[in-house]
Amino acid sequence: MASSTTAYWRGIRAALPFLLVVAPFGMLFGVVGTEAGLNLAQVMGFSVVIIAGAAQFTAVQLMQEQAPTLIVLASALAVNLRMAMYAASLAPHLGPAPGWQRILIAYFNVDGTYALSHMEYEAKPALALSEKVGFYMGTATVICFPWYVATWIGAVLGASIPAGLSIDFAVPVAFMSFFAPALRTLPHVAAAVTAIILAILLQGVPYSLWILLAGAGGMIVGAELERRMAK
Amino acid sequence: MTGWSDATIWTIIVALGVGTFTIRFSFLGLLGDRDLPDWLLRHLRYTAVAILPALVTPMVLWPNATGGQTDPARLTAAILALAVGYWTKNAIATIGTGLAALFALQALGV
Numbered sequence: 050m051a052s053s054t055t056a057y058w059r060g061i062r063a064a065l066p067f068l069l070v071v072a073p074f075g076m077l078f079g080v081v082g083t084e085a086g087l088n089l090a091q092v093m094g095f096s097v098v099i100i101a102g103a104a105q106f107t108a109v110q111l112m113q114e115q116a117p118t119l120i121v122l123a124s125a126l127a128v129n130l131r132m133a134m135y136a137a138s139l140a141p142h143l144g145p146a147p148g149w150q151r152i153l154i155a156y157f158n159v160d161g162t163y164a165l166s167h168m169e170y171e172a173k174p175a176l177a178l179s180e181k182v183g184f185y186m187g188t189a190t191v192i193c194f195p196w197y198v199a200t201w202i203g204a205v206l207g208a209s210i211p212a213g214l215s216i217d218f219a220v221p222v223a224f225m226s227f228f229a230p231a232l233r234t235l236p237h238v239a240a241a242v243t244a245i246i247l248a249i250l251l252q253g254v255p256y257s258l259w260i261l262l263a264g265a266g267g268m269i270v271g272a273e274l275e276r277r278m279a280k
Numbered sequence: 094m095t096g097w098s099d100a101t102i103w104t105i106i107v108a109l110g111v112g113t114f115t116i117r118f119s120f121l122g123l124l125g126d127r128d129l130p131d132w133l134l135r136h137l138r139y140t141a142v143a144i145l146p147a148l149v150t151p152m153v154l155w156p157n158a159t160g161g162q163t164d165p166a167r168l169t170a171a172i173l174a175l176a177v178g179y180w181t182k183n184a185i186a187t188i189g190t191g192l193a194a195l196f197a198l199q200a201l202g203v
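Sequence order for the protein chains is L and Z. Residue 50 is where the first sequence starts when you use this note's numbering, and the numbers rise one by one after that. Residue 94 is where the second sequence starts when you use this note's numbering, and the numbers rise one by one after that.
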């Protein structure tokens, strides 16, 4: 078996536990999107074209609040800015891959595929490029394709979920599961606390601009604190 | 969806798809393995831990489900989930704690 095939299967195995997050979160988007009034094609459009859970929820929430289109776009894209960092951090490993592979790699760049692959590359610096790509595609197979299926199941089942279940609460809790484990250092915590305080203080700012302002404020505080602590 | 035409909804989907892909492709596809300025990377490192908490804050403090009224059960469950996520660094434990705490608190009539 080619070493890239072996690496592909290793990626699949490494990503299997992520199904426990991807499946319910994808279903939740299907349910929330359908309850917001999107039709099946539109709900699937979000998950296939954008393939970024937190941004999808942000867009749907702001659309329900009747925010202007530009604010919906800017806020959802701000949520995805972290992927620029993922791309930068994958570039030394996957940058030399052929153009069509880099397009696929970019499309499948989500929290899970990035985190697992980056960990693998750091742990095994001797991996060949084809093995690195193989491993990445293995994680994408387990994390991204079930995302579509779970969204579809959620959208189809959506209407039959009883209202008393407080399913709305799963959205903030799922977001917390993305950032709480990432609060590893004091600057991380300072960024989060700043963003929370600004989000409360700036609620009155029109067009939901508080999301961008609070996010930018948190990023600046985190980055500045990191810079000062490094001195 | 109320207030949104099909055409606008699809425009948003496609624009977000193109924008998100551009972000993902950016430093990987266009710049290859060139080095990026430190100050930029330093700020990008904090996007997830700044934007996501900002988004969550009003959802927890003033949930739509309760008409914007602060709900002690949701607030308590959220704080517990955050604490467990911070200490365990485990995504599934975070979600499990939040949902289990809310169901338990609601069952107790909080």
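Think of the CB as a built atom: it goes at the ideal place given N, C-alpha and C, for glycine as much as any other residue.
Assuming residue i and residue j make a contact with CB atoms under 8 angstroms, what is their CB distance in whole Å?
i, j, result
"serine 5 (chain L)", "glutamate 114 (chain L)", "Residue coverage of chain L in this structure runs from 50 to 280, which leaves residue 5 (chain L) outside it and unanswerable."
"threonine 140 (chain Z)", "arginine 131 (chain L)", "4 angstroms"
"phenylalanine 157 (chain L)", "glycine 60 (chain L)", "Rounded, the Cβ-Cβ distance is 11 angstroms, inconsistent with contact."
"histidine 167 (chain L)", "serine 138 (chain L)", "6 angstroms"
"threonine 190 (chain Z)", "valine 177 (chain Z)", "4 angstroms"
"alanine 104 (chain L)", "valine 128 (chain L)", "4 angstroms"
"methionine 94 (chain Z)", "alanine 85 (chain L)", "6 angstroms"
"alanine 204 (chain L)", "leucine 89 (chain L)", "5 angstroms"
"alanine 143 (chain Z)", "methionine 268 (chain L)", "5 angstroms"
"leucine 261 (chain L)", "alanine 108 (chain L)", "About 14 angstroms; that fails the 8 angstroms criterion."
"proline 236 (chain L)", "leucine 274 (chain L)", "4 angstroms"
"glycine 148 (chain L)", "alanine 64 (chain L)", "With 8 angstroms as the limit, glycine 148 (chain L) and alanine 64 (chain L) do not qualify as a contact, their Cβ atoms being about 25 angstroms apart."
By the DSSP assignment, the alpha helix (DSSP H) with residue i in it spans what residues?
i, result
"leucine 175 (chain Z)", "165-181"
"glycine 187 (chain L)", "178-192"
"valine 81 (chain L)", "68-84"
"proline 147 (chain L)", "Segment: none, proline 147 (chain L) is in no alpha helix (DSSP H) and carries neither H nor E."
"tryptophan 155 (chain Z)", "First-last for tryptophan 155 (chain Z): undefined, no H or E at that position."
"phenylalanine 196 (chain Z)", "184-200"
"leucine 137 (chain Z)", "131-137"
"glutamine 162 (chain Z)", "Note, glutamine 162 (chain Z): premise wrong, no alpha helix (DSSP H); not H, not E."
"isoleucine 100 (chain L)", "Taken as a continuous stretch (DSSP letters only), isoleucine 100 (chain L) belongs to no alpha helix (DSSP H), as it is neither H nor E."
"aspartate 128 (chain Z)", "Looking at the DSSP string, aspartate 128 (chain Z) is not in any alpha helix (DSSP H), and its letter there is neither H nor E."
"serine 166 (chain L)", "160-172"
So with Cβ pairs under 8 angstroms, would you call residue i a contact of chain B?
i, result
"glutamate 171 (chain L)", "Of the protein chains in this structure, namely L and Z, none is chain B."
Task: Short-range partners of chain L found in the stretch 107-122 of chain Z, where Cβ spacing is below 7 angstroms - done: Val107, Ala108, Leu109, Gly110, Gly112, Thr113, Phe114, Ile116, Arg117, Phe118, Ser119, Phe120, Leu121, Gly122
Task: chain Z contacts from the stretch 88-103 of chain L (Cβ-Cβ distance under 7 angstroms) - done: Gln91, Gly94, Phe95, Val98, Ile99, Ala101, Ala103
TODO: Write down every uninterrupted run of the alpha helix (DSSP H) in the stretch 112-141 of chain L whose length is 4 residues or greater and which is fully enclosed by it, in chain order.
DONE: 118-128
TODO: Taking only beta carbons into account, state which residues of the stretch 129-152 of chain Z come closer than 8 angstroms to chain L, listed in chain order.
DONE: Contact residues of the stretch 129-152 of chain Z toward chain L are Leu129, Trp132, Leu134, Arg135, His136, Leu137, Arg138, Tyr139, Thr140, Ala141, Val142, Ala143, Ile144, Leu145, Pro146, Ala147, Leu148, Val149, Thr150, Pro151, Met152 (C-beta to C-beta distance below 8 angstroms).
- [ ] Using a Cβ-Cβ cut-off of less than 7 angstroms, list which residues of the stretch 157-171 of chain L approach chain Z; keep chain order.
- [x] Asn158
Open item on the list: Runs of 4 residues minimum, wholly inside the stretch 200-235 of chain L: which ones carry the alpha helix (DSSP H) assignment?
Closed with: 219-228
TODO: Would you list, in chain order, the members of the stretch 193-220 of chain L that have their beta-carbon closer than 7 angstroms to a beta-carbon of chain Z?
DONE: For the stretch 193-220 of chain L, the residues whose beta carbon sits under 7 angstroms from a beta carbon of chain Z are, in order, Ser215, Asp217, Phe218, Ala219, Val220.
Task: Contact list for the stretch 54-73 of chain L against chain Z, Cβ threshold 7 angstroms - done: The stretch 54-73 of chain L vs chain Z, Cβ under 7 angstroms: Leu69, Val70.
Task: Residues, ordered as in the chain, of the stretch 111-133 of chain L that lie near chain Z by beta-carbon distance below 8 angstroms - done: Met112, Gln113, Gln115, Thr118, Val121, Leu122, Ala125, Leu126, Ala127, Val128, Asn129, Leu130, Arg131, Met132, Ala133
Open item on the list: Residues of the stretch 254-270 of chain L in Cβ contact with chain Z at a cutoff of 9 angstroms, in chain order, please.
Closed with: Trp259, Ile260, Leu261, Leu262, Ala263, Gly264, Ala265, Gly266, Gly267, Met268, Ile269, Val270
Task: Short-range partners of chain Z found in the stretch 179-190 of chain L, where Cβ spacing is below 8 angstroms - done: none
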